[in-house]
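Here's the structure we're looking at; comments come further down.
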Amino acid sequence: MPESPGEWRALPAVAVGALYIAGVQRFVRENLVVFLGAGTGFAISDSLGLREFVLIALLILFMGVLVAVIYHRRFRYKVADHAVHVRQGLFEQKELKVRFERVQNIVLSQPFYLKPFGLTRLSLETPGAAQTEVSLPGIGTAEAHEIRDRVSGTVAIQTGAAGFNPEMGAQSADSTTRVEEAGDAVFEASAADLFRYGLTSNQIWILLAVVGAPLMNRVEHKASEWLERLNASGPLSRGEFAEAPLLLAILAGGLILGLAVVLMTLSGLLANVRFYGYRLRLENGRFKARFGLLDAREKTLQKTKLHSVELVQTAIGRLLDSWKAIGHQTGTGPSAQANSDDRRFLIPGIASGRLRQVAAALSGLELTELQWRGIDSRFRLHRWSRIALPLLLGALVVAVIAWSVMDSRVLFASLALVASSALVFWTTHLRWKRWGWMLEGTRMRIRSGLIGQSIIIFELARCQQLSIRTSAYQRAHGLATLVIRLPHGEQILPYLPRATLDALTNQILFEIESASSHAL
Numbered sequence: 033m034p035e036s037p038g039e040w041r042a043l044p045a046v047a048v049g050a051l052y053i054a055g056v057q058r059f060v061r062e063n064l065v066v067f068l069g070a071g072t073g074f075a076i077s078d079s080l081g082l083r084e085f086v087l088i089a090l091l092i093l094f095m096g097v098l099v100a101v102i103y104h105r106r107f108r109y110k111v112a113d114h115a116v117h118v119r120q121g122l123f124e125q126k127e128l129k130v131r132f133e134r135v136q137n138i139v140l141s142q143p144f145y146l147k148p149f150g151l152t153r154l155s156l157e158t159p160g161a162a163q164t165e166v167s168l169p170g171i172g173t174a175e176a177h178e179i180r181d182r183v184s185g186t187v188a189i190q191t192g193a194a195g196f197n198p199e200m201g202a203q204s205a206d207s208t209t210r211v212e213e214a215g216d217a218v219f220e221a222s223a224a225d226l227f228r229y230g231l232t233s234n235q236i237w238i239l240l241a242v243v244g245a246p247l248m249n250r251v252e253h254k255a256s257e258w259l260e261r262l263n264a265s266g267p268l269s270r271g272e273f274a275e276a277p278l279l280l281a282i283l284a285g286g287l288i289l290g291l292a293v294v295l296m297t298l299s300g301l302l303a304n305v306r307f308y309g310y311r312l313r314l315e316n317g318r319f320k321a322r323f324g325l326l327d328a329r330e331k332t333l334q335k336t337k338l339h340s341v342e343l344v345q346t347a348i349g350r351l352l353d354s355w356k357a358i359g360h361q362t363g364t365g366p367s368a369q370a371n372s373d374d375r376r377f378l379i380p381g382i383a384s385g386r387l388r389q390v391a392a393a394l395s396g397l398e399l400t401e402l403q404w405r406g407i408d409s410r411f412r413l414h415r416w417s418r419i420a421l422p423l424l425l426g427a428l429v430v431a432v433i434a435w436s437v438m439d440s441r442v443l444f445a446s447l448a449l450v451a452s453s454a455l456v457f458w459t460t461h462l463r464w465k466r467w468g469w470m471l472e473g474t475r476m477r478i479r480s481g482l483i484g485q486s487i488i489i490f491e492l493a494r495c496q497q498l499s500i501r502t503s504a505y506q507r508a509h510g511l512a513t514l515v516i517r518l519p520h521g522e523q524i525l526p527y528l529p530r531a532t533l534d535a536l537t538n539q540i541l542f543e544i545e546s547a548s549s550h551a552l
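The opening residue of the sequence shown carries number 33 in the numbering used here; numbering runs sequentially from there.
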């Protein structure tokens with residue numbers, strides 16, 4: 033650390049490489065899906081030769097290095113008494129100032145290419161920012177640790193080391209204190225836990241859809257060329273010509289299945305690389321998560337910054353007994369999460385047997401087996417009448433037409449409509465059955481999902497806004513929908529009886545007003 037806290041400092045010279053690599057990673061992450069989804073990568077690979085590829089690669093390398101050098105020369109930072117200042121910009125320089133008390137997450141990252149130089153990347157995340165507000169891409173490791181301790185120490189003094197709820201019950205507070213005093217890890221993920229977590233990622237199927245379409249087009253193109261060459265060598269018999277499409281379909285299906293297996297295995301391995309040695313600790317009112325093989329990371333979060341805890345189990349995670357926990361904070365709503373998974377305080381690969389321990393450490397709440405209160409069954413009936421019944425009616429009309437014209441294609445369309453309506457009936461029933469809520473003192477749990485599930489736990493006093501929505505159908509049956517706005521986003525409870533909704537709303541408002549009066 034500099035002797036004078038007000039002195040502007042430059043990044044080390046070797047940080048130019050870190051800036052260049054970070055820029056390449058950001059470019060690939062933001063544009064790879066677009067290129068693959070449009071099939072652009074395959075088109076370019078067919079139209080360009082080796083010389084063109086080499087020239088383009090050299091041009092991109094030169095431009096990237098030039099941008100990194102200019103950005104490095106214009107980058108300056110300093111740590112004052114209560115804030116971190118950063119001057120940065122390529123053509124237009126801007127100055128950022130982040131006060132210590134606004135810092136929500138402190139992230140230390142040491143990729144393998146920075147470790148030999150003793151450098152670490154320091155990031156400070158604040159509420160409401162869609163991206164990391166301050167990032168020092170390569171400073172000395174000792175200096176990074178000192179800034180982390182200085183920032184988090186100031187936050188701890190100003191906010192205290194309270195837990196999820198400043199007025200936590202005695203039993204929950206005692207259990208949390210015992211974990212903190214013992215210094216044991218709150219959670220450790222094994223390699224098997226992380227591999228299962230990787231298999232549950234929904235991004236596998238998104239990537240399969242992105243890669244699968246261009247792959248199928250390429251297979252179809254090659255298959256057409258193969259059939260043309262085969263037919264040119266000699267006319268095909270009727271049996272051979274009829275068997276060719278079936279063989280091609282089997283081949284394409286096998287390729288897609290094999291690609292899915294490869295992607296799932298790769299996802300499991302990448303999860304182990306990303307979260308290698310994951311360990312979550314609670315130290316002096318701060319959560320510290322350390323993980324990473326090629327990019328060793330440490331995320332630090334004040335307990336008081338957690339507004340709610342979400343426990344998520346995907347459909348595949350239900351088969352593999354794998355959960356993940358997300359600590360929600362102010363400003364990390366769906367839009368921020370979509371931009372970067374790193375914005376979330378994520379605990380991956382939790383088995384059901386350890387879920388209670390992790391939830392208790394994050395929220396101070398023991399996950400007791402209480403009865404979930406569901407939503408009214410008219411939610412299901414209303415969705416069925418709007419979607420499934422019209423599909424069935426359309427299937428009936430198409431079936432009558434198929435019977436009159438004796439067309440197998442029209443009959444197939446009718447069967448497809450019947451299958452779609454059956455699927456709507458089933459999924460709507462599952463969603464209605466999964467949706468539920470419960471109150472536990474001053475805390476609330478809301479569950480939602482289809483085959484998988486998501487359970488969010490929050491203090492009633494954390495609610496920022498309540499709104500009640502009603503449709504004509506709901507008013508006719510004495511129902512309404514309650515929308516609860518939390519600091520990170522909205523939670524919806526649809527089709528509640530009006531008396532139940534009014535009682536719940538009054539209790540939430542009472543807790544909010546009580547917390548406000550105590551704060552004053």
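Even for Gly, the Cβ is constructed at its ideal location relative to N, Cα and C.
Contact the segment 447 to 464 vs the segment 310 to 330: 3+ CB pairs below 8 Å: Below 8 Å, too few C-beta pairs join the segment 447 to 464 and the segment 310 to 330 to call them touching: fewer than three.
Please confirm whether Gly381 and Asp181 have their CB atoms less than 8 Å apart. Position 349 of the sequence shown, counted from the start, is the residue given in the question as residue 381. Position 149 of the sequence shown, counted from the start, is the residue given in the question as residue 181. Cβ atoms of Gly381 and Asp181: not closer than 8 Å.
Determine the burial state of Asn137: buried for a count of at least 16 other Cβ atoms within 10 Å of its Cβ, exposed for fewer. For the purposes of this step, residue 137 is taken as residue 105 along the sequence shown, with counting starting at 1. Flag for Asn137 reads buried.
Cα separation between Ala370 and Gln539? Residue mapping note: residue 370 aligns to position 338 of the sequence shown, counting from 1. Residue mapping note: residue 539 aligns to position 507 of the sequence shown, counting from 1. Residue placement at Ala370 is poorly supported in this model, since its pLDDT is 42, which falls under 50; the coordinates are not used for a value here.
Report yes if the C-beta of Asn538 is less than 7 Å from at least one heavy atom of the ligand ADP; otherwise report no. For the ligand ADP, the structure offers nothing, since it holds no ligand at all.
Roughly how many angstroms lie between the CA atoms of Ala12 and Val130, to the nearest whole one? Limits of the chain in this structure are 33 at one end and 552 at the other, which puts residue 12 out of reach.
Mind checking whether Val118 and Leu128 have CB atoms under 8 Å apart? Counting from one through the sequence shown, the residue named residue 118 turns up at place 86. Counting from one through the sequence shown, the residue named residue 128 turns up at place 96. The answer is yes: Cβ separation under 8 Å.
Residue range of the unbroken alpha helix (DSSP H) whose run includes His414: Here residue 414 refers to the residue found at position 382 of the sequence shown. His414 -> alpha helix (DSSP H) spans 410 to 415.
Taking its Cβ as the centre, do 16 or more other Cβ atoms sit within 10 Å of Gln497, making it buried, or is it exposed? Taking the first residue of the sequence shown as position 1, residue 497 is located at position 465. Exposed, because fewer than 16 other Cβ atoms sit within 10 Å of the Cβ of Gln497.
Excluding the 5 residues preceding and the 5 following Ser299 in the sequence, name in chain order all residues of the same chain whose CB lies nearer than 7 Å to its CB. Against the sequence shown, residue 299 aligns to sequence position 267. Gly230, Leu231, Ser233, Ile236, listed in sequence order.
How would you label His114, buried or exposed, when you count the other beta carbons within 10 angstroms and need 16 or more for buried? In the sequence shown, residue 114 corresponds to position 82, counting from 1. Under this definition His114 is an exposed residue.
With C-beta atoms as the reference, is Ala89 less than 8 Å away from Leu51? Here residue 89 refers to the residue found at position 57 of the sequence shown. Here residue 51 refers to the residue found at position 19 of the sequence shown. The answer is no: Cβ separation not under 8 Å.
Tell me the DSSP secondary structure of Phe144 in three-state form. By 1-based counting over the sequence shown, the position of residue 144 is 112. In the three-state DSSP reduction, Phe144 falls in the coil class, being neither helix nor strand.
With a CB to CB cut of under 7 Å and the five nearest residues on each side skipped, what residues in its chain are close to Ala547? Counted from its first residue, the sequence shown places residue 547 at position 515. Around Ala547: Ala493.
If you measure between the beta carbons of Phe144 and Leu326, is that distance less than 8 Å? Residue mapping note: residue 144 aligns to position 112 of the sequence shown, counting from 1. Residue mapping note: residue 326 aligns to position 294 of the sequence shown, counting from 1. Yes, the Cβ-Cβ distance between Phe144 and Leu326 is below 8 Å.
When we look at the beta-carbon of Leu514 and count the other beta-carbons within 10 Å, is it buried (16 or more) or exposed? Counted from its first residue, the sequence shown places residue 514 at position 482. Result: buried.
Option nearest Leu387 by Cα separation, candidates Leu423, Leu425, Val344, Ile407: Looking up residue 387 in the sequence shown gives position 355. Nearest C-alpha to Leu387: Val344.
Quick one: using the 10 Å Cβ neighbour count with 16 as the cut-off for buried, is Ala214 buried or exposed? Position 182 of the sequence shown, counted from the first residue, corresponds to residue 214. Bear in mind that the predicted position of Ala214 carries a pLDDT of just 44, short of 50, making it too unreliable to give a figure here.
In whole angstroms, give me the CA-to-CA distance for Gly484 and Leu462. Counting from 1 along the sequence shown, the entry for residue 484 is found at position 452. Counting from 1 along the sequence shown, the entry for residue 462 is found at position 430. Distance between Gly484 and Leu462, taken at the CA atoms: about 10 Å.
Whole-angstrom Cβ separation of Val135 and Leu168, contact assumed at under 8 Å? Translated into the one-based positions of the sequence shown, residue 135 becomes position 103. Translated into the one-based positions of the sequence shown, residue 168 becomes position 136. At roughly 13 Å, the Cβ-Cβ gap does not stay under 8 Å, so Val135 and Leu168 are not in contact.
Measuring alpha carbon to alpha carbon, tell me which residue in Ser184, Lys110, Glu342, Leu122 is nearest Glu522. Taking the sequence shown and counting its residues from 1, one reaches residue 522 at position 490. The shortest Cα separation from Glu522 among Ser184, Lys110, Glu342, Leu122 belongs to Glu342.
Looking at Ala478: is its Cβ nearer than 8 Å to the Cβ of Trp469? By 1-based counting over the sequence shown, the position of residue 478 is 446. By 1-based counting over the sequence shown, the position of residue 469 is 437. The sequence given here places Ile at residue 478; Ala does not occur at that position. Yes, these two residues count as a Cβ contact at 8 Å.
Can you give me the start and stop residues for the beta strand (DSSP E) that Glu522 sits inside? As a first step, residue 522 must be located in the sequence shown, where it is residue number 490. Here the beta strand (DSSP E) through Glu522 covers 521 to 529.
Just to confirm, are His520 and Ser340 a CB contact at a threshold of 8 Å? Translated into the one-based positions of the sequence shown, residue 520 becomes position 488. Translated into the one-based positions of the sequence shown, residue 340 becomes position 308. The answer is yes: Cβ separation under 8 Å.
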